[in-house]
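Read through the structure below, which is laid out as C-alpha cells, and then see the notes.
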Amino acid sequence: MNEKSLISLEKIATRDAYGKALVKLGGMNSDIVVLDADLSKSTKTADFAKVFPERFFNMGIAEQNLIGFSAGLAASGKVPFASTFAVFATGRAFEQIRNSVAYPKLNVKVAATHAGVSVGEDGASHQAIEDIALMRCLPNMSVFVPADAQETFQVIKKAAEWNGPVYIRMGRLAVPVLFDESYEFQIGKANVIREGKDAAVFAVGLMVQEALKAAEELSGLGMEIAVVNCASVKPLDQDTLIKVAKQTGAVVTAEEHNIIGGLGSAVAEVLMENYPVPMIRVGIKDTFGESGKPEELLEKYGLTSKEIIKAVQQVYHKKKNK
222 MNEKSLISLE KIATRDAYGK ALVKLGGMNS DIVVLDADLS KSTKTADFAK
272 VFPERFFNMG IAEQNLIGFS AGLAASGKVP FASTFAVFAT GRAFEQIRNS
322 VAYPKLNVKV AATHAGVSVG EDGASHQAIE DIALMRCLPN MSVFVPADAQ
372 ETFQVIKKAA EWNGPVYIRM GRLAVPVLFD ESYEFQIGKA NVIREGKDAA
422 VFAVGLMVQE ALKAAEELSG LGMEIAVVNC ASVKPLDQDT LIKVAKQTGA
472 VVTAEEHNII GGLGSAVAEV LMENYPVPMI RVGIKDTFGE SGKPEELLEK
522 YGLTSKEIIK AVQQVYHKKK NK
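Residues 222 to 543, numbered by this note's numbering, are exactly what the sequence shown covers, in order.
Here it is in C-alpha cells:
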C-alpha cells in the first residue's frame, strides 16, 4: 500500500463493520451461520439475524455452550461465527475453545468485540487486555486484529474462507478509516503503510492510527519512521518483520493490550531469534483497566501517539549508542 500521511475524518467502529460484513458474506455463502451470547445488539450480529433469522442462534448468557455449539456446527460443515465480548469469549470459554475448537482444529471463527480499555465505562471486568495472549498461545489458532472498518470486512471475508480456528479481535470505539476499497488483507502478511529508515513501529488495532500520527509528527523533526500494520498477529509475517528491523535498526510495538503476551511479545520472539535490535513495547503495562471515558483511558494507559513518539526517540537513541 502507498504511504499515507492523512487519516480519514470518517470514523466507524470495527464492530459495526463486522455486522455489515456478516450480512454481505452471508448472502454469498449459505454455510455461514452466526451465534451470539445475548449481546447481538452490541456485537452487531443483530444485523445478520434480521436478514438470515434461520441461520442465527442466540445462545443466551452461556458462552461455554456458545463455543461448544459452534464446534458442533463446524463439524457438520457449517462456518460458524461465534460472537460475544472479548473478555467472555476468551476468558469464560477458554477451555471450550482449547479442547473443542483448537485441539480438533474445527472451523470456528470466534469473533469478539469490546476488546481493550476503549470499552470505557464498563470498567476492568469487561476490558479484555489479555485475549490476544490467550488465543495466540493455542496451537492451530489464527489471530487477527483489524485496524479499521475496511480491514475488518477483509478480515471477516478471509476468515470465512480460511479452514481452521480463528480469533478476531474488534472494538467498541469508532476509529478513523485508514484504508480504501483497494486494500486487501492477507493472512500471514504484514502491511507496510509508511516507509522509514530511522525506526519502525509495528502496530495493531486502533494503535495503527496512533502510529501514523506519531510518524507524521516525527517527520517534522527530521525522522523517517516506518509504520507496519500487523493485523495478522498469528500467523505473523516474520520475513517482513526481519526485513524492516534490518532497514531501521530500532523497533517499537504498539497495541491496546497487555505488553505481556500480545503483539509486542510476538515481535520480540521473532527478532530475538533472528535479528535483535533495540525495542520498546507500547501497551498496557501489566495492569487492569478501570471505568472511564475511552479517550481518557487511552491517555491514562499510554495508548497514544505521544507515548509512541517517546518510545521511538528512546530506541533511536539506543541504536545510535550501540
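C-beta: ideal position from N, C-alpha, C; glycine also.
Delimiting residues of the alpha helix (DSSP H) encompassing residue i
{"i": "residue 415", "result": "Note, residue 415: premise wrong, no alpha helix (DSSP H); beta strand (DSSP E) at 412-415."}
{"i": "residue 533", "result": "526-541"}
{"i": "residue 373", "result": "370-382"}
{"i": "residue 288", "result": "284-296"}
{"i": "residue 261", "result": "261-264"}
Residue i versus residue j: straight-line alpha-carbon distance, rounded
{"i": "residue 543", "j": "residue 396", "result": "38 Å"}
{"i": "residue 488", "j": "residue 474", "result": "8 Å"}
{"i": "residue 463", "j": "residue 496", "result": "6 Å"}
{"i": "residue 517", "j": "residue 301", "result": "36 Å"}
{"i": "residue 505", "j": "residue 522", "result": "6 Å"}
{"i": "residue 416", "j": "residue 284", "result": "42 Å"}
{"i": "residue 295", "j": "residue 469", "result": "44 Å"}
{"i": "residue 239", "j": "residue 541", "result": "43 Å"}
{"i": "residue 224", "j": "residue 410", "result": "With a pLDDT of only 43 at residue 224, under 50, the local geometry of the prediction cannot be trusted, and the value read off the model is given with reservation. Cα to Cα, the separation comes out at about 17 Å."}
{"i": "residue 386", "j": "residue 327", "result": "6 Å"}
{"i": "residue 535", "j": "residue 429", "result": "19 Å"}
{"i": "residue 292", "j": "residue 443", "result": "53 Å"}
{"i": "residue 454", "j": "residue 325", "result": "21 Å"}
{"i": "residue 330", "j": "residue 303", "result": "6 Å"}
{"i": "residue 262", "j": "residue 486", "result": "34 Å"}
beta-carbon residue i near the ligand FMN non-hydrogen atom, thresh 6 Å
{"i": "residue 448", "result": "As for the ligand FMN, it is missing from this structure, which has no ligand bound."}
Run of the beta strand (DSSP E) containing residue i, from where it starts to where it stops
{"i": "residue 306", "result": "300-306"}
{"i": "residue 334", "result": "330-334"}
{"i": "residue 359", "result": "Counting along the chain, residue 359 falls outside any beta strand (DSSP E), and DSSP gives it neither H nor E."}
{"i": "residue 423", "result": "420-424"}
{"i": "residue 514", "result": "Counting along the chain, residue 514 falls outside any beta strand (DSSP E), and DSSP gives it neither H nor E."}
Own chain partners of residue i with C-beta closer than 8 Å, once the 5 adjacent residues on each side are dropped
{"i": "residue 232", "result": "395, 396, 397 and 398"}
{"i": "residue 289", "result": "317 and 321"}
{"i": "residue 418", "result": "445, 447, 468 and 469"}
{"i": "residue 408", "result": "363, 365, 379, 383, 453 and 456"}
{"i": "residue 246", "result": "253, 377, 378 and 381"}
{"i": "residue 281", "result": "258 and 259"}
Residue i - DSSP class collapsed to helix/strand/coil
{"i": "residue 480", "result": "coil"}
{"i": "residue 279", "result": "strand"}
{"i": "residue 365", "result": "strand"}
{"i": "residue 429", "result": "helix"}
{"i": "residue 503", "result": "strand"}
{"i": "residue 401", "result": "coil"}
{"i": "residue 346", "result": "helix"}
{"i": "residue 522", "result": "coil"}
{"i": "residue 388", "result": "strand"}
{"i": "residue 232", "result": "strand"}
{"i": "residue 447", "result": "strand"}
{"i": "residue 311", "result": "helix"}
For residue i, the nearest candidate out of the options (CA to CA)
{"i": "residue 480", "options": "453, 508 and 459", "result": "508"}
{"i": "residue 390", "options": "465, 279, 282 and 484", "result": "484"}
{"i": "residue 338", "options": "451, 230 and 306", "result": "306"}
{"i": "residue 256", "options": "279, 245 and 269", "result": "279"}
{"i": "residue 354", "options": "364, 347 and 534", "result": "364"}
{"i": "residue 424", "options": "441, 440, 369 and 377", "result": "369"}
{"i": "residue 466", "options": "499, 400, 439 and 254", "result": "499"}
{"i": "residue 440", "options": "299, 420 and 427", "result": "420"}
{"i": "residue 539", "options": "299, 471 and 340", "result": "471"}
{"i": "residue 298", "options": "250, 401, 477 and 514", "result": "250"}
{"i": "residue 404", "options": "367, 315 and 274", "result": "367"}
Any chain D beta carbon closer than 7 Å to residue i
{"i": "residue 530", "result": "Absent from the structure is chain D; it holds one protein chain and no more."}
Same chain only: Cβ atoms within 6 Å of residue i, ignoring 5 sequence neighbours per side
{"i": "residue 413", "result": "449"}
{"i": "residue 459", "result": "491"}
{"i": "residue 611", "result": "Residue 611 is absent from the structure shown; the chain starts at 222 and stops at 543."}
{"i": "residue 272", "result": "244"}
{"i": "residue 526", "result": "431, 434 and 435"}
{"i": "residue 482", "result": "354"}
Contact set for residue i: own chain, Cβ-Cβ below 7 Å, skip 5 residues either direction
{"i": "residue 529", "result": "422, 431, 432, 435, 473, 475 and 503"}
{"i": "residue 532", "result": "473, 501 and 503"}
{"i": "residue 345", "result": "509, 510 and 511"}
{"i": "residue 545", "result": "This structure does not reach residue 545, given that the chain is present from 222 up to 543, and the question cannot be answered."}
{"i": "residue 360", "result": "323"}
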